[in-house]
Each structure stands twice: as C-alpha cells, then as structure tokens.
Amino acid sequence: MDLFKKYGFIMLIGTGVFVALIFYSLNVPRNREANVIERVVMTVFSPILKPAVRLSGFFEDAWDGYVNLVDVKRENLKLRDEIKELNTRLVAGNEAQKSNQRLQHLLEMKNTVKAPSLSASVVGEDVSSWFRTVIIDRGSSSGIRDGMAVVAADGVVGQIVKTAPTTSRVLLLTDHSSGIAATIQRSRARGVVKGKEGGLCSLEFTTRDEDVKVGDMVVSSGIGGLFLKGLPIGEVTMVKRGEYGIFQTVTIRPAVNIAHLEEVLVVLRGGYE
Amino acid sequence: MSRRSALLLGSAVVFAVVFQASVLPIHIDTPFKPDLLLIIMAYLALRGSFELGTPMAWLLGLLKDIFSGLYLGLNAFSFLLVFLVIKSVADRLYAESGFLFVVTVVVATLISATVNLLLLLMFTDTPGIAYSMFAGLIPHLLVNSFAASLVALLPAFERDQDVA
C-alpha cells in the first residue's frame, strides 16, 4: 500500500501515457477513417464551425478593409497626383510634338529662303480691333530692322514695322496699310497685295485684261526688294471684272493662318536704315 | 491721388495691356477683344480729377498706340478728346452708378472709333478701314459694355471714390 502511495502518481501517469500510446497504435491502421469519437465531436461542432468561419471571415474582411482604407486614401491621393502629372506630361508631349512639326515646317521654309533669317515667337497681338499687327520676341538687339520681311512655314506673314531692343511689331499682310508686290504664279500677272476686312487680302492694280483665275497661287514678285521672289502669299478666291474700269477685283485668302500664328522667320535682309 | 490709388491704377493698366495683347487673343476672336484701356480712361473721366486725368488719358491712348496699329498718337488724341467730352459732363452725372459707367464706356467707344476713323481717313492711306471699323463696331461696343459691367461689379468700383 505504501508502495502504491509512493509511486501511485507515477504509475497513473505511466498508465495514461501507455493507454494513449495504445490508442494511437490502434488507430494507426485506420488513419483514413473517422472513429466514433471523431464522428461525435465533428457532429457536435459542425453547426458551430460554419457560422464561426463566416464570422471570422467578416472580421477579417472588416479588419483588412479598415487597414486597407487607411492606405487607400493615401494611395488615392498619390494616384491622383500621378494622374495629374501624367496628364501634364501628356499635354506637354502633344504640345512638343505639334511644336516640333511646326518648327520642322519652319525649318523647311528657312532652307528655301535664300537669305539669312532669324526665328521668332509671337508673344502678343494688336490691342485694337481695327489693325492687324503682332508682337514678336526678337528686336533690334537680334539684328532686326524696320521693313524686314517676315515669313512663316506656309508663306508671307508681313513686315517689321516697329522695333524695340527685345521685341518688334509685325504689320500683317491682312492689315489695311500693308502692301506687298505680288504676281500670279501661273500667268505672271502683277499687282499689289493689300489687306482687307475679314482676314483676307486683295490684289490691287491688276488690269482687267490680265489672266487671273480662282485657285491661282499668288507669290511675292520680289519687286521693291523687300520680299524675296516666289514666296507664297495666298490663293485667289474671287475674281470680279466689271463692265467699266481699268482694274479687276481679286480677293486672296492668305496662305498663312494668321489667327494661329506662333513661330515666324524674320528675313535679315533689306529693311530701312 | 493716394499711393494706393496710384498703385491700383498702375496695376490695372499693366494688367490691361498684357491681358489684351497676349492673353485674350489666344482665347477669343479679334472683334471680341474689349478695349480695357478705354474702360480705364472712362473710369478716370468719371472719377478722376481734371488735372491728373487729362495727361493720363493721353498717356493711356499713347500706350494703346504702342501696342496697336502704325500711327503713334492716334488713340492718344482720341482718348484725350473722349476724356474731355466725358469730363465736361461728368459733374452733372451720378458717377457712382454702374449702369451709367457702362453707358459712358459705350459712348466713349463710339466717339473714339469715330475720331480714329476721321483721323485715319484724313491723314493716312488706309483704304477699306472704314468698312472694317463699321463691321467690327457692334461686337466691339457689346464686348466693351460687357467688360465695363464687370468692372462695375468690382468691390473697388463701389468703394474707391478717391482716384484723384
């Protein structure tokens, strides 16, 4: 009895461990089948497990959602900034591409002009509604003088009228005061291109027997030495010959789109001293 | 003229020139450009003193000539004339009224255009300018009166009685 008292606890533990081992060894061959204990416990727990999983999932989602939301706001702001930056780059890219095309055309014109020339950007327009002049960002310090010819990629723009050290004003060919010696490219009929209303020009002093047709190209004649010979001025859009009078009325649409003028070339030749 | 008024006037003139020459042409067609310098001159004629307003009107016209056309002194003369006409009746007008200001700007635009046309026809060789001016006069009047009505809405228009 004393022995049992002395070693009873150890024996109990040893027996328990032994029973557990036997239990395990007996279940090893049937490891793929659920025994009674397993079936009972699983049956008891099955109604609880499903909602527990759902609840756990809900909490997981809620937690993740919350944690994500904290980041989402920051990420949203970051993405918005990135979109803004990308949009800005896209606009700048498109602008650069268009600018590149314009400058390429201008360069082509520069190569055809057989005189030194200087590129300039249009920085302003006439503040009045009656006159047609533009302001360019080059002036007398760049060698520009009053009277010099100004051309763009598509043709004649006008002439320099007032120069300051860093800016100049260009009298457009559509201004009423402008006058450019011109000739019809096809028939070589001569006249003077003057500005008229509506952004158009007229070919003045062309006698009524001269051959001028709608669609004819008008180019600078080079007379007077201001504009080089052969620069495109515009296209004839209307010809009127009255019964009387010496001259015919010829309306010209300028080759250059005056309303969207951005870059021009100043021909560094001639001009008034 | 107080220092604040001088500063305001100077800023308004610089703003008007830059806005009219470089900003507006990009966004709107030429006939729809308001004549902001003329509006400033009309404001001076209604609110300013004779002594200061007279040379200022001439200078404003001169400034316009520097950025417009070929003929320096054309607008300077017409602005001076318009200023003197408005000033001669300004004392009998309720100069604080926004509506009157708009009417004054319309009248100033008409007189200025007429004087410009007469001077151009008398002294220069600009055939066809009369047609262009007549064609553009109505939109010009409308735009100027619209711009003047916006100026009349400014808080400074109500408060600033001491231009000179």
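Top line first, the protein sequences correspond to chains F and G.
Each residue of the first sequence is one higher than the one before, counting from 1 in the working numbering.
Each residue of the second sequence is one higher than the one before, counting from 1001 in the working numbering.
For each residue, glycine too, the CB sits at the ideal point set by N, CA and C.
Keep in mind it's a predicted model, so treat the numbers as computed, not measured.
Which value, in whole angstroms, describes the spacing of the CA atoms of Val193/F and Leu1110/G?
The residue given as residue 193/F occupies position 193 in the first sequence. The residue given as residue 1110/G occupies position 110 in the second sequence. Between Val193/F and Leu1110/G, the C-alpha separation is close to 31 Å.
How many Å lie between Pro1034/G and Gly93/F at the Cα?
Start at 1 with the first residue of the second sequence, and residue 1034/G comes out as number 34. Start at 1 with the first residue of the first sequence, and residue 93/F comes out as number 93. Computed Cα separation, rounded: 33 Å.
On the three-state DSSP scale, how would you describe Glu210/F?
For the purposes of this step, residue 210/F is taken as the residue at position 210 of the first sequence. Glu210/F: coil per DSSP, three-state reduction.
Cα-Cα, which of Glu243/F, Glu262/F, Gly234/F is closest to Thr251/F?
Counted from its first residue, the first sequence places residue 251/F at position 251. With distances taken between Cα atoms, Thr251/F lies closest to Gly234/F.
Rounded to the nearest angstrom, what separates Ala1016/G and Gly1048/G at their Cα positions?
For the purposes of this step, residue 1016/G is taken as the residue at position 16 of the second sequence. For the purposes of this step, residue 1048/G is taken as the residue at position 48 of the second sequence. Their backbone Cα atoms lie some 18 Å apart in a straight line.
Measure the alpha-carbon distance for Glu197/F versus Ser99/F and round it to whole angstroms.
Locating residue 197/F in the first sequence gives position 197, where the first residue counts as 1. Locating residue 99/F in the first sequence gives position 99, where the first residue counts as 1. Between Glu197/F and Ser99/F, the C-alpha separation is close to 29 Å.
Less than 7 Å between C-beta atoms, sequence neighbours within five positions excluded: which residues of the same chain meet that for Arg102/F?
Walking along the first sequence from the start, residue 102/F turns up at place 102. Hits under 7 Å: Ala153, Glu262, Glu263.
In terms of DSSP beta bridges, what is Gln104/F paired with?
One-based indexing of the first sequence puts residue 104/F at position 104. DSSP, once it has assigned bridges, lists no residue as partnering Gln104/F.
Along chain G, in chain order, which residues have C-beta atoms closer than 8 Å to that of Thr251/F?
Within the first sequence, numbered from 1, the residue matching residue 251/F stands at position 251. The contacting residues do not exist; Thr251/F stays about 12 Å from chain G at best.
To the nearest angstrom, how far is the alpha carbon of Ser982/G from that of Val156/F?
This structure cannot speak to residue 982/G, because chain G is shown only from 1001 to 1164.
Could you tell me whether the Cβ atoms of Gly1073/G and Leu1059/G are closer together than 9 Å?
In the second sequence, counting from the first residue as 1, residue 1073/G sits at position 73. In the second sequence, counting from the first residue as 1, residue 1059/G sits at position 59. Going by C-beta atoms, Gly1073/G is not nearer than 9 Å to Leu1059/G.
Measuring only between beta-carbons, confirm whether Ala1164/G sits less than 9 Å from chain F.
Position 164 of the second sequence, counting from 1, holds the residue named residue 1164/G. Legend: pLDDT at Ala1164/G = 45, less than 50; position of this residue unreliable, value from coordinates given subsequently. Not closer than 9 Å to any Cβ of chain F, the Cβ of Ala1164/G fails to qualify, so no.
Report yes or no: do three or more beta-carbon pairs, one from the region 1093-1110 of chain G and one from the region 1131-1147 of chain G, lie closer than 8 Å?
In short, these stretches touch, since the Cβ pair count reaches three.
So, is the C-beta of Gly270/F closer than 9 Å to a C-beta in chain G?
Against the first sequence, residue 270/F aligns to sequence position 270. Not closer than 9 Å to any Cβ of chain G, the Cβ of Gly270/F fails to qualify, so no.
Measuring straight from C-alpha to C-alpha, what distance separates Ile258/F and Ser177/F?
The sequence position of residue 258/F within the first sequence is 258, counting from 1. The sequence position of residue 177/F within the first sequence is 177, counting from 1. Using only the alpha carbons, I get a separation of about 16 Å.
Leaving aside the five residues before and after His105/F along the sequence, list all residues of the same chain whose C-beta is less than 8 Å from its C-beta, in chain order.
The residue labelled residue 105/F in the question sits at position 105 within the first sequence. Ala153, Asp154, listed in sequence order.
Nearest CA to the CA of Val134/F: which residue from Gly1069/G, Leu1080/G, Thr1126/G?
Looking up residue 134/F in the first sequence gives position 134. Among Gly1069/G, Leu1080/G, Thr1126/G, the Cα nearest to that of Val134/F is on Gly1069/G.
Buried or exposed for Met238/F, going by 16 or more other Cβ atoms inside 10 Å?
Here residue 238/F corresponds to residue number 238 of the first sequence, with the count starting at 1. Label assigned to Met238/F: exposed.
Which residues in the same chain as Ala189/F place their Cβ atom closer than 7 Å to its Cβ, once the five residues preceding and following it in sequence are excluded?
The count along the first sequence starts at 1 and reaches residue 189/F at position 189. Excluding sequence neighbours, Ala189/F sits near Thr183, Thr206, Glu210, Asp211, Val212.
Please give the ranges of any alpha helix (DSSP H) in the region 1050-1098 of chain G, keeping only runs that are unbroken, at least 4 residues long and fully inside the region.
For the region 1050-1098 of chain G, whole alpha helix (DSSP H) runs of length 4 or above, ordered along the chain, are 1050-1066, 1074-1090.
Do you know how far the Cα of Ala1156/G is from the Cα of Ala1166/G?
The first residue shown for chain G is 1001 and the last is 1164, placing residue 1166/G beyond what the model contains.
Tell me which residues share the same chain as Leu172/F and place their Cβ nearer than 8 Å to its Cβ, disregarding the 5 neighbours each side in the sequence.
As a first step, residue 172/F must be located in the first sequence, where it is residue number 172. Same-chain partners within the cutoff: Arg132, Thr133, Val134, Val157, Gly158, Ser178, Gly195, Ile258.
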